[in-house]
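Engineer: Below is the structure I would like to discuss, written out as structure tokens.
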Amino acid sequence: MVQTTESNNVDGILQTALWNVQQTAGRLGLNPDITRRIVEPAEQIRSVIHPQVPNGEMLHAHVFLVRHNDVLGPSKGGIRMTAGVTLNEVTGLAMEMTWKTSLIGVPFGGGKAGIRYDPALLKPTEKEILIRAFTRGVRRHIGPEVYVPAPDMGTNDSDMGHIRDCVSYSDGKSIPAGCFVTGKPVVLGGIVGRREATGNGVAATIVAACERLNKKLPGLRVAVQGFGNVGSVSALAIAEKGATVVAASDITGGTYCAEGLDVVKLADHVAKTGGIKGFAGGKEITNAQVLEADCDVLIPAAGGSVITEENAPRIRAKIIAEGANAPLTPQADEILNAKGVFIIPDILCNAGGVFVSYLEYTQETQRDQMTRDEVQQRLYHRMTTTFDRVYERTQQKHQPMRHSAMDLAVTRVVDGIQSRGLLP
Ligand code: NAD
Numbered sequence: 001m002v003q004t005t006e007s008n009n010v011d012g013i014l015q016t017a018l019w020n021v022q023q024t025a026g027r028l029g030l031n032p033d034i035t036r037r038i039v040e041p042a043e044q045i046r047s048v049i050h051p052q053v054p055n056g057e058m059l060h061a062h063v064f065l066v067r068h069n070d071v072l073g074p075s076k077g078g079i080r081m082t083a084g085v086t087l088n089e090v091t092g093l094a095m096e097m098t099w100k101t102s103l104i105g106v107p108f109g110g111g112k113a114g115i116r117y118d119p120a121l122l123k124p125t126e127k128e129i130l131i132r133a134f135t136r137g138v139r140r141h142i143g144p145e146v147y148v149p150a151p152d153m154g155t156n157d158s159d160m161g162h163i164r165d166c167v168s169y170s171d172g173k174s175i176p177a178g179c180f181v182t183g184k185p186v187v188l189g190g191i192v193g194r195r196e197a198t199g200n201g202v203a204a205t206i207v208a209a210c211e212r213l214n215k216k217l218p219g220l221r222v223a224v225q226g227f228g229n230v231g232s233v234s235a236l237a238i239a240e241k242g243a244t245v246v247a248a249s250d251i252t253g254g255t256y257c258a259e260g261l262d263v264v265k266l267a268d269h270v271a272k273t274g275g276i277k278g279f280a281g282g283k284e285i286t287n288a289q290v291l292e293a294d295c296d297v298l299i300p301a302a303g304g305s306v307i308t309e310e311n312a313p314r315i316r317a318k319i320i321a322e323g324a325n326a327p328l329t330p331q332a333d334e335i336l337n338a339k340g341v342f343i344i345p346d347i348l349c350n351a352g353g354v355f356v357s358y359l360e361y362t363q364e365t366q367r368d369q370m371t372r373d374e375v376q377q378r379l380y381h382r383m384t385t386t387f388d389r390v391y392e393r394t395q396q397k398h399q400p401m402r403h404s405a406m407d408l409a410v411t412r413v414v415d416g417i418q419s420r421g422l423l424p
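Numbering (our numbering), first residue to last: 1 to 424.
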């Protein structure tokens, strides 16, 4: 089996990332050499793996690993497994990770990896074989001081467990020296609350935005695109705080209920059947209708570039919380800013995952064990204080939250470059 399909939106993510950083360099008045230094990725790896699976077939998968920047620490970012992932997409996502780790204040740089294969086509054993083949193939580019992977679209904690096992097996040791991968099962040195961290962080930024914008959580109508890890946890967390989730979608379809979906039942249905399609607690609607639903808050939590200049004019949400990476194209961003939509940018909104990955990294390095309460409190504190810093600059500069978040993130990376010194 070979997976070669290219998705249409992949270049979009890199274009969006480049547009964001170029705009920021202009606002901050950076000189062209420094701008080039922060834009160009430090390292890009592209390879093909061909593992054999139990039925005798070979899987042929293109794999990518990009370390965009390591000025502030080892490159950090998830592994995306989709049918259409490309080097451009991984590069754009790695660049976004540089700004995200900088903004949330963890000692990491930006990286990302990609495995071009549709995980839905793989049996669990086949996926494990593919993950192990990927790990062996890029082993020399992974390490606590180099690049530390984590889950992203199409990968999960079990996959990270296989990576951890593959590394210690190759090294002939029960445990690797330091943290090679985050988002692992807790029993293998993972941290409690990592799986929910991104979604809980998204919910924390929505609550912070509502406080600043004088919106009450009870009665707040929320629509969620993508009901995987980030989308489902965000929906459960915001519903628990009193909001009403009126619409949700995933790759199988969408569901709507004006009085509010029972999100716990929806999550159970997805766990049992593999998707939203067929959920009895709502009316069937399309994925496009979910994005354009009549709601106060829209959480795009699937792929990138899903809101473009074409559908942006029809978006009715007053707040967009970017659970996904780069869900808006630059044109859509401009249209929505002009409409006065309050956008919580991805590098802030979904940074909870990498923050708790940092806690996992320090826990593993120090052989410590943090409790769920400790993790939740530190996550909530870091998300809300970072939100406040971004909001404060937004008020001072009269500019969108994305500009403020990028200004703060890029400034920290540039400070890092200058503090290290420019000599070779
Ligand atoms: P996931 O694989 O668990 O879930 C993705 C969801 O999106 C699934 O429900 C899938 O069915 C749905 N989906 C895919 N294509 C769709 C489409 N065309 N229309 C509607 N739904 C669609 O992935 P995840 O980890 O939840 O990641 C989602 C997004 O959040 C990605 O953009 C990812 O980069 C970003 N993100 C994830 C994390 C993390 O910790 N997992 C951290 C930061 C950012």
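The beta-carbon is built from N, C-alpha and C at its ideal position, and this holds for glycine as well.
Hey, would you say the C-beta of M160 is under 7 Å away from at least one heavy atom of the ligand NAD?
Structural biologist: Looking up residue 160 in the sequence shown gives position 160. No, Cβ of M160 sits at least 7 Å from all heavy atoms of the ligand NAD.
Engineer: Is the beta carbon of F342 within less than 7 Å of some heavy atom of the ligand NAD?
Structural biologist: The residue you call residue 342 lines up with position 342 of the sequence shown. No; taking the cut-off as 7 Å, the Cβ of F342 has no heavy atom of the ligand NAD nearer than that.
Engineer: In angstroms with no decimal places, state the Cα-to-Cα distance between R412 and K184.
Structural biologist: Taking the sequence shown and counting its residues from 1, the one referred to as residue 412 is at position 412. Taking the sequence shown and counting its residues from 1, the one referred to as residue 184 is at position 184. Roughly 29 Å between the two C-alpha positions.
Engineer: Since A209 contacts I319 with CB under 8 Å, what's their CB separation in whole angstroms?
Structural biologist: Position 209 of the sequence shown, counted from the first residue, corresponds to residue 209. Position 319 of the sequence shown, counted from the first residue, corresponds to residue 319. Confirmed, Cβ separation roughly 6 Å.
Engineer: Which residues in the same chain have their Cβ closer than 7 Å to the Cβ of D157, if we skip the five residues on either side of it in sequence?
Structural biologist: Position 157 of the sequence shown holds residue 157. Closer than 7 Å at Cβ, skipping near neighbours: P151, G183, K184, P185, G190, R195.
Engineer: Should G92 be listed as close to the ligand NAD, given that the test is whether its C-beta is under 7 Å from any heavy atom?
Structural biologist: Indexing the sequence shown from 1 puts residue 92 at position 92. Because no heavy atom of the ligand NAD lies under 7 Å away, the Cβ of G92 does not count as near it: no.
Engineer: Under 7 Å: does the beta carbon of G110 sit that close to some heavy atom of the ligand NAD?
Structural biologist: One-based indexing of the sequence shown puts residue 110 at position 110. Result no, Cβ not under 7 Å from the ligand NAD.
Engineer: Would you say F279 touches the ligand NAD, meaning its beta carbon is less than 7 Å from a heavy atom?
Structural biologist: Counting from one through the sequence shown, the residue named residue 279 turns up at place 279. Because no heavy atom of the ligand NAD lies under 7 Å away, the Cβ of F279 does not count as near it: no.
Engineer: Just curious, the alpha helix (DSSP H) that E196 is in, first and last residue?
Structural biologist: Taking the first residue of the sequence shown as 1, we reach residue 196 at position 196. Element bounds for E196: 194-212.
Engineer: Quick one: Cα of V410 to Cα of G340, how far?
Structural biologist: Taking the sequence shown and counting its residues from 1, one reaches residue 410 at position 410. Taking the sequence shown and counting its residues from 1, one reaches residue 340 at position 340. C-alpha separation (whole angstroms): 25 Å.
Engineer: Taking DSSP's pairing of strands, which residues face D250 in a bridge?
Structural biologist: If you number the sequence shown from 1, residue 250 lands on position 250. Answer is G253, bridged to D250.
Engineer: Can you grab the Cα-Cα spacing for the pair G353 / K277, in whole Å?
Structural biologist: Along the sequence shown, read from residue 1 onward, the residue named residue 353 stands at position 353. Along the sequence shown, read from residue 1 onward, the residue named residue 277 stands at position 277. So the alpha carbons of these two residues sit roughly 28 Å apart.
Engineer: Quickly, what does DSSP pair I104 with across the bridge? List them, please.
Structural biologist: Here the question's residue 104 lines up with position 104 in the sequence shown. I104 pairs with nothing; no bridge assigned.
Engineer: If we ignore side chains and look at the alpha-carbon of each, how far apart do V290 and V306 end up?
Structural biologist: Residue 290 sits at position 290 when you count from the first residue of the sequence shown. Residue 306 sits at position 306 when you count from the first residue of the sequence shown. Cα-Cα distance, rounded: 12 Å.
Engineer: Would you identify the three-state DSSP class for A17, choosing helix, strand or coil?
Structural biologist: As a first step, residue 17 is located in the sequence shown; it is residue number 17 there, counting from the start. Of the three classes helix, strand and coil, the one that applies to A17 here is helix, per DSSP.
Engineer: Shorter than 7 Å, the distance from the beta carbon of A301 to the closest heavy atom of the ligand NAD, or not?
Structural biologist: To locate residue 301, count along the sequence shown from 1; it is residue 301. A301 Cβ: within cutoff of the ligand NAD.
Engineer: Drop a sphere of 10 angstroms on the beta-carbon of Q418, count the other beta-carbons inside from all chains shown, and report buried for 16 or more, exposed for fewer.
Structural biologist: To locate residue 418, count along the sequence shown from 1; it is residue 418. With fewer than 16 Cβ atoms within 10 Å of its Cβ, Q418 is classed as exposed.
Engineer: Taking S419 as part of the alpha helix (DSSP H), name the residues at either end of that continuous run.
Structural biologist: Here residue 419 refers to the residue found at position 419 of the sequence shown. Segment 401-420, the alpha helix (DSSP H) holding S419.
Engineer: Are the CB atoms of I285 and T247 within a distance shorter than 8 Å?
Structural biologist: For this step, residue 247 is matched to residue 247 along the sequence shown. For this step, residue 285 is matched to residue 285 along the sequence shown. Looking at the sequence shown, residue 247 is not Thr but Ala. Going by C-beta atoms, A247 is nearer than 8 Å to I285.
Engineer: Relative to the ligand NAD, is the shortest distance from any of its heavy atoms to the C-beta of S404 smaller than 7 Å?
Structural biologist: Residue numbering aside, residue 404 sits at position 404 when the sequence shown is read from its first letter. No.
Engineer: Any idea if T135 is buried or exposed, counting beta-carbon neighbours within 10 angstroms, 16 or more meaning buried?
Structural biologist: The residue labelled residue 135 in the question sits at position 135 within the sequence shown. Classification of T135: buried, given that the 10 Å Cβ count is 16 or more.
Engineer: Can you pull the DSSP bridge partners for I344?
Structural biologist: The residue labelled residue 344 in the question sits at position 344 within the sequence shown. Beta-bridge pairing links I344 to A321.
Engineer: For the region 37-47 and the region 57-76, state whether three or more C-beta atom pairs, one from each stretch, are separated by less than 8 Å.
Structural biologist: Counting Cβ pairs under 8 Å, three or more are found: they touch.
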